[in-house]
Amino acid sequence: MTAYLVYTPEILIMISALLALLFDVLDSKKLAGGIAIILNLVALVIILGWSGITGSILSLPQSGGHGLFYFSLFGYMFQIIFIIVTVSVELTTLDFSEYNGIFYALIEFALTGMMIVAISGDMVILILGLELAGISTYILTGYIRKSELSVEAAMKYYIIGSISSSLTIFGLSILYGVTGTTSLWLLNLHAGYSYIPKNNPLLYLGFSFIIAGLGFKIAMAPFHMWAPDVYQGAPSPVSAFLAAGSKTMGFMAMFIIFLSAIFYFAPNLSLLFGFFAILTMTTGNILAIKQRNIKRMLAYSSIANAGYILIAFSVDTPLAVAGGMFQIFSHAIMKVGAFIVVAVVSVFGVGESITDYKGLAKEHSLLALSFAIMLLSLAGVPPLMGFMSKFVLFSGAVQAGGWYILLAIAGVLNSALSLYYYARIVKYMYIDNPEPGKHKNKKISMPIYSYISIFVLVVIIVAVGIYPSPIIGYFIHIASQYMVWR
Amino acid sequence: MFLTVILLALSFLAIIFAIGMLYSREIVHAVIYIAGLFIILGLIYFMLDNTFLGAVQILIYGGAVTVLLMFGVMLTKREIMDKKESITTEYEYVVLIALTISIYIGTLFTVSSYPLSIYYMSMYTLSTVLFNSFIGAFVVMGVIIMSSIIGAIYMVKEVE
Amino acid sequence: MDTLLFVLIPVFPIIAFLVIAFLGNSMKESGGYVALVMELISFIISIYMFVGVLTVPSYSVDKYMIWFSLSHGPTFEIGMLIDGFTAIMIFIVNLVGFLVILYSLGYMHADPGLARYYAEISLFIAVMNGLVLSDNLFELFIFWELVGLCSYLLIGFWYRKPEAAKAAKKAFLVTRVGDVMLLFGMIILLYQSHTPLALNFNQLYSWAATSKFSSAELTTLTAATFLVFGGAMGKSAQFPLHVWLPDAMEGPTTVSALIHAATMVKAGVFLIVRMMPLLQYTPATELIIAVIGGFTAFFAATMGLVAPDIKRVLAYSTISQLGYMFLALGAGSAGAAMYHLMSHAFFKALLFLAAGSVIHAVNTQDLHKMGGLFTKMKITAVTMLIGGLSLSGIPPFSGFFSKDLILDVVLQKGLNNPVYMVLYILAVLTVLLTAFYMFRLWFLAFMGKPRGYDEKHVHESPGVMVVPLIILAIFATFSWMFLLLPSFSQILGISLSLNIPTMLIGVSLGLVGIYVSYMLYSAGIPKKFTSVVMKQIHNILYRKYWFDEVYGAFSIYIIYGFAKLVSMFDKYIIDGVIDGIAAGGVMLSSSLYPIGKGLVKNYVTLIISGLIITFILLIYVSPFLYGGGI
Amino acid sequence: MNEVVLLSLSGILLGLGLYGVLTKKNIILTIASIEIMINSAIFNFIIFSSYNNNPAGDVVALFFIALAASEVAVGLALALMMFRIKKTLNIDVMNSLRW
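In order, the protein sequences belong to chains A, B, C and D.
Going by numbering that gives the first Met the number 0, 277 is the number at position 278 of the first sequence; the sequence numbering is gapless.
Going by numbering that gives the first Met the number 0, 118 is the number at position 119 of the second sequence; the sequence numbering is gapless.
Going by numbering that gives the first Met the number 0, 617 is the number at position 618 of the third sequence; the sequence numbering is gapless.
Going by numbering that gives the first Met the number 0, 19 is the number at position 20 of the fourth sequence; the sequence numbering is gapless.
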């Protein structure tokens with residue numbers, strides 16, 4: 000029985016999904032959301048204990064294989080990110096009337112999928128986790144059924160997502176054919192043996208399909224077209240969940256597949272990831288400049304961030320991987336915060352066009368300040384978190400030397416470029432006057448839960464930016480451990 | 000040799016059915032072609048002595064999924080009565096896909112040898128593996144089905 | 000001296016910032032007093048530091064704590080480096096900061112955004128102090144960016160003016176170019192030096208002093224120092240990144256005095272002063288600095304000759320004087336640059352504040368609409384005259400001594416190197432131009448007859464505005480006496496040795512400049528320029544050498560064009576390629592499908608294209624680069 | 000030889016499925032085309048499983064069959080929802096979200 004205690008967080012989250020369904024029947028949405036949040040936080044505390052950040056709560060081995068699953072600090076770290084993102088989104092939705100128990104059930108199902116991806120040690124369970132999160136988010140995207148945009152976004156997301164997952168499964172089938180197993184940690188055990196051919200072209204064929212499939216999840220450049228449409232059409236909290244949670248899950252899956260033993264069999268991926276890194280960040284930043292809709296702009300900025308993170312896959316040294324993880328963490332926090340702010344200001348009658356943000360600081364100074372901090376952090380203005388993570392990541396690339404320095408240069412130039420469109424919104428909020436007729440201040444109750452989550456996220460952004468030492472040390476620790484594993 | 004001929008014939012038939020689905024003007028016909036395709040794939044599994052998977056393929060794909068698609072067609076009948084699919088060959092896509100597939104098949108041929116032993120897959124072996132190594136995946140599969148059911152029900156519920 | 004006390008220097012303005020930012024709307028005017036008191040405390044501590052360092056001239060203490068470290072990589076710390084240069088710079092920043100806040104109490108009176116103004120200016124003073132105190136390049140870079148952000152917000156302070164918002168954007172973008180260069184320089188230095196504490200100044204110095212560089216390493220170091228200078232170029236408005244400073248004059252005059260004359264623009268000079276021990280190993284960078292500095296000094300002065308706006312004249316003058324400082328740095332004398340920085344801070348802040356006083360009275364910045372103010376605003380006129388004389392290098396004002404030192408240094412270097420000789424000649428010519436444009440400004444503003452302002456309302460500014468002027472005038476006149484202190488000279492490594500020929504040339508050219516402007520402008524605006532050549536020159540200078548047009552074209556055609564190009568690429572080329580394949584295969588048939596139509600099939604097409612790219616890179620390209628494969 | 004024939008068949012089916020997604024106007028047929036794509040992957044698993052003498056592939060195939068079925072259910076639900084709102088199933092009307 001004690002063997003199943005390792006699944007406590009996942010089980011807790013499953014229970015919260017079922018309870019949310021129950022409370023949906025009882026028609027008490029606040030309770031559904033509240034219980035989901037509390038159970039998530041319990042799971043978070045347990046994982047924090049396991050990951051060695053706080054004292055241990057249940058004494059369990061910190062890492063090890065368990066059939067289909069593989070427990071590591073690496074996975075726990077990502078689980079922490081997933082739970083933070085989900086709890087922030089759920090807190091925000093408590094303030095809105097249109098989200099009921101089904102919403103919480105689906106988002107908890109999606110969270111379960113992400114948690115499963117993070118602890119997967121087998122490609123089958125990894126893809127099942129991806130699909131669980133995927134199917135739940137298809138529905139979540141179309142959650143506002145009355146809205147044409149929402150349903151259209153869901154349909155687009157569904158079609159592109161299913162195509163991508165079928166490509167992933169196809170690639171996995173080829174990998175299975177070559178290696179004879181789907182288990183990653185089994186592959187690790189057998190890494191030195193010759194019966195699994197190294198540099199097999201079929202292996203690369205499989206990788207191509209898997210990269211195309213997972214490239215969809217992380218919105219990598221030629222596979223990115225869905226992201227702006229879906230983020231725009233989806234309800235803002237769901238966009239936050241997609242941009243911060245779903246994308247992080249894609250990166251988790253890529254880390255598991257490409258930075259594990261498979262790299263031993265197929266070492267030639269560096270160039271490919273370098274190419275896609277530069278392509279993705281440039282596409283994202285340049286197209287972001289043109290956008291007039293704030294959610295689309297954030298989507299393109301999210302694409303650009305995927306480009307930065309891909310540098311870690313190309314460089315593949317402990318420092319670069321630590322930087323990549325740090326960037327994933329900071330991007331998740333900043334992006335979920337930004338989308339939550341977009342959701343909250345829509346309550347006050349601010350539209351989605353970026354010109355609607357003119358003069359926001361005059362009416363909602365706290366929201367504007369938080370949004371400005373998030374955007375400046377995304378742009379990489381020191382001493383905020385976004386600067387620190389980019390600095391560690393690019394330092395990793397520079398330290399590796401060789402042509403990787405080009406990646407760092409591309410990254411620095413791109414983030415200099417990106418400051419333009421972020422700073423434009425800061426300028427709109429602080430310097431320009433509101434357009435007449437905008438900002439009809441509807442008399443509504445204060446969205447207090449959203450303020451809590453925004454406040455917490457801003458505190459994380461500023462605190463980590465000012466004192467990044469422990470978190471950088473932790474990421475480097477995890478990365479070196481992970482690299483040893485492989 | 001005999002097996003090879005039969006497999007070639009079935010493969011050819013499968014491709015014919017797939018193309019038939021792509022080029023049928025009536026949607027109902029297209030769905031029937033798809034059912035045929037699924038059943039032929041099931042037959043190939045039988046030919047490889049993988050009877051259980053063959054049965055599952057025919058039952059779930061040939062039966063359940065096709066019925067589901069049929070329901071989809073029938074529930075949106077108004078549309079189907081109005082319009083028929085216009086069939087044109089869009090050569091740019093043909094070229095693009097042909098390129099992909101030729102790279103795939105070309106790579107297949109560069110690999111010198113595949114393991115050659117065909118074995119009989121009993122249901123017993125399968126269930127042993129399923130309920131020992133893959134029990135976790137089985138549980139996750141259950142969650143996926145539950146979430147998709149909940150989602151589908153939510154989606155088709157009347158908007159109040 | 001208790002070094003830890005100096006941590007408080009940036010802390011008090013931060014307190015002021017927080018208090019005003021959160022309580023500002025309810026306290027209105029009294030926010031100014033909060034900022035003033037906090038800044039006064041910082042100022043007193045900085046006097047304590049200044050005096051302390053003067054008593055122990057060789058004082059140099061580096062206090063730090065570890066911030067974060069990258070494994071197998073550098074360790075970053077955060078700390079304070081306190082030595083003579085720090086003390087002088089801190090003293091200047093806080094003196095000017097204090098006086099400007101005092102002045103603002105009168106100048107910004109009853110402005111609607113008052114709370115925002117005091118909050119931002121307190122924040123600026125705090126981060127500027129942090130920048131000066133930094134003991135490593137990384138920390139300095141962080142404050143560098145924050146200073147830039149404050150500048151962006153303060154230039155755009157009067158957001159109702161569209162020019163202000165535009166100017167803010169321009170300043171932001173142009174200095175950004177410099178920042179990127181600085182960041183690159185920093186990264187190169189970081190990985191070249193491998194000091195135990197990353198980029199710590201003292202450790203960089205000892206690293207440079209102890210290691211024997213091969214020629215390849217020297218090339219890298221030259222690149223690094225040049226890129227660092229690139230950062231200084233952006234912040235200190237050196238050619239060709241100078242375009243933002245004149246436009247930045249759209250901000251309040253107090254902001255111009257504090258940020259764009261006395262402190263922030265000096266950050267670049269200060270950075271290079273900090274880098275001097277490295278620069279001596281890279282003569283190529285030194286030469287570039289000298290050439291850019293000398294050229295900028297001359298070039299900006301010529302543009303100052305005709306500017307119609309009182310603040311813009313002063314802005315060009317600032318650029319020109321910063322050029323002098325870089326010229327001195329390029330000639331290898333940090334002391335001369337630092338000393339000119341000091342005296343320039345005093346007289347330029349004085350000039351700006353005096354100009355603010357004038358603007359406050361007549362409500363215009365256009366010199367052509369002023370005139371005859373001498374009788375109405377005597378104190379302003381006299382203090383501005385002192386500033387002008389100091390700027391023009393007329394003895395016994397401090398500007399004379401500092402400028403003379405620079406000319407002397409460059410001349411000494413020029414005796415061995417013809418390039419420096421040319422720069423020396425340019426610098427000497429600049430003295431003439433400087434005196435000319437400065438006195439053109441003064442005569443146009445204070446002499447002649449009133450030209451179209453409301454004479455009844457013009458009167459001397461209130462006491463809070465006049466007192467800072469007088470204090471600054473005293474400093475502008477007598478700050479050369481610091482050089483009489485042996486410890487001060489020892490810190491800067493210079494002395495008050497008077498080189499008679501240089502001095503005579505400087506003074507006489509200055510006097511000539513004043514005389515010419517007296518002839519031309521003392522009675523008002525000259526009717527017209529006599530010859531066609533003069534008119535053409537005037538036209539060219541007036542248009543600022545068409546720099547804005549070139550930059551505008553650049554930003555429109557290159558950057559926007561690039562974005563446009565990429566979107567066109569996305570819309571037409573990618574689709575065009577797809578269609579091209581079709582055409583190559585079968586026929587040139589269908590029209591183009593813009594991806595932007597939002598159709599799923601276009602997205603799927605892109606996915607397939609991406610898949611093919613992946614195939615090609617992974618199966619066909621990568622194996623040849625890394626070995627193995629097919 | 001057999002395995003190469005069968006693996007090629009799966010590739011061709013994948014391509015035909017993709018072609019269906021690209022050209023079919025009706026969303027239900029698009030979903031059916033995606034089913035063909037997933038089926039080709041499942042087909043691969045079973046072929047490899049048979050030839051590698053390894054039951055894991057069959058089990059994985061079983062999972063993916065179930066997965067595909069639940070995806071179809073969600074897809075059809077979304078299609079019905081869209082039909083309710085837009086009164087058509089034409090995939091090309093989905094263009095209100097764009098650049």
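All C-beta atoms, glycine included, are put in the ideal place defined by N, C-alpha and C.
What residues in its chain sit with their C-beta under 8 Å from that of residue i, if we drop five residues either side in the sequence?
{"i": "residue 40 of chain C", "result": "7, 11"}
{"i": "residue 590 of chain C", "result": "At residue 590 of chain C the pLDDT is 32, less than 50, meaning the model places this residue with poor confidence; the figure from the coordinates comes in the next sentence. Excluding positions up to five away in sequence, the list is empty."}
{"i": "residue 493 of chain C", "result": "332, 334, 335, 338, 404, 482"}
{"i": "residue 329 of chain A", "result": "376, 384, 385, 387, 388, 460, 463"}
DSSP three-state label for residue i, please.
{"i": "residue 515 of chain C", "result": "helix"}
{"i": "residue 182 of chain A", "result": "strand"}
{"i": "residue 74 of chain C", "result": "strand"}
{"i": "residue 2 of chain B", "result": "helix"}
{"i": "residue 81 of chain C", "result": "strand"}
{"i": "residue 324 of chain C", "result": "helix"}
{"i": "residue 60 of chain C", "result": "strand"}
{"i": "residue 69 of chain A", "result": "strand"}
Measure the C-alpha to C-alpha separation of residue i and residue j and round it to an integer number of angstroms.
{"i": "residue 297 of chain A", "j": "residue 409 of chain C", "result": "53 Å"}
{"i": "residue 256 of chain C", "j": "residue 19 of chain C", "result": "22 Å"}
{"i": "residue 73 of chain C", "j": "residue 375 of chain A", "result": "26 Å"}
{"i": "residue 584 of chain C", "j": "residue 22 of chain D", "result": "In this predicted model, residue 584 of chain C has a pLDDT of only 34, less than 50, meaning its place in the structure is not dependable enough to derive any value."}
{"i": "residue 152 of chain A", "j": "residue 616 of chain C", "result": "32 Å"}
{"i": "residue 136 of chain A", "j": "residue 237 of chain A", "result": "8 Å"}
{"i": "residue 468 of chain A", "j": "residue 300 of chain C", "result": "48 Å"}
{"i": "residue 396 of chain C", "j": "residue 307 of chain A", "result": "55 Å"}
{"i": "residue 4 of chain B", "j": "residue 43 of chain B", "result": "12 Å"}
{"i": "residue 281 of chain A", "j": "residue 387 of chain A", "result": "21 Å"}
{"i": "residue 321 of chain C", "j": "residue 88 of chain A", "result": "52 Å"}
{"i": "residue 378 of chain C", "j": "residue 516 of chain C", "result": "22 Å"}
{"i": "residue 88 of chain C", "j": "residue 9 of chain C", "result": "13 Å"}
{"i": "residue 160 of chain B", "j": "residue 74 of chain D", "result": "As displayed, chain B neither begins before 0 nor continues past 159, which places residue 160 of chain B out of reach and without an answer."}
{"i": "residue 5 of chain C", "j": "residue 438 of chain C", "result": "41 Å"}
Please work out which residues of its chain come closer than 7 Å, Cβ to Cβ, to residue i, disregarding the five sequence neighbours upstream and downstream, and give them in chain order.
{"i": "residue 151 of chain C", "result": "167, 170, 171"}
{"i": "residue 15 of chain A", "result": "34, 35, 38, 39, 107"}
Looking only at its own chain, which residues have a Cβ that is under 6 Å from the Cβ of residue i, when we skip the five neighbours before and after it?
{"i": "residue 456 of chain A", "result": "332, 336"}
{"i": "residue 270 of chain C", "result": "231"}
Return yes when the Cβ of residue j is within less than 8 Å of the Cβ of residue i, no when it is not.
{"i": "residue 40 of chain B", "j": "residue 58 of chain D", "result": "no"}
{"i": "residue 201 of chain A", "j": "residue 173 of chain A", "result": "yes"}
{"i": "residue 487 of chain C", "j": "residue 139 of chain C", "result": "no"}
{"i": "residue 392 of chain A", "j": "residue 303 of chain A", "result": "no"}
{"i": "residue 148 of chain A", "j": "residue 95 of chain D", "result": "yes"}
Could you tell me which uninterrupted alpha helix (DSSP H) segments, each at least 4 residues in length, are contained entirely in the segment 143 to 207 of chain C, listed from first to last along the chain?
-> 161 to 192
4 or more residues per run - each alpha helix (DSSP H) lying fully within the segment 108 to 153 of chain A | 122 to 140
Write down every uninterrupted run of the alpha helix (DSSP H) in the segment 12 to 77 of chain B whose length is 4 residues or greater and which is fully enclosed by it, in chain order.
-> The segment 12 to 77 of chain B contains these whole alpha helix (DSSP H) runs: 26 to 46, 50 to 55, 65 to 74.
Only counting runs of 4 or more residues, tell me where the alpha helix (DSSP H) segments fall wholly within the segment 371 to 428 of chain A, in order along the chain.
-> 384 to 399
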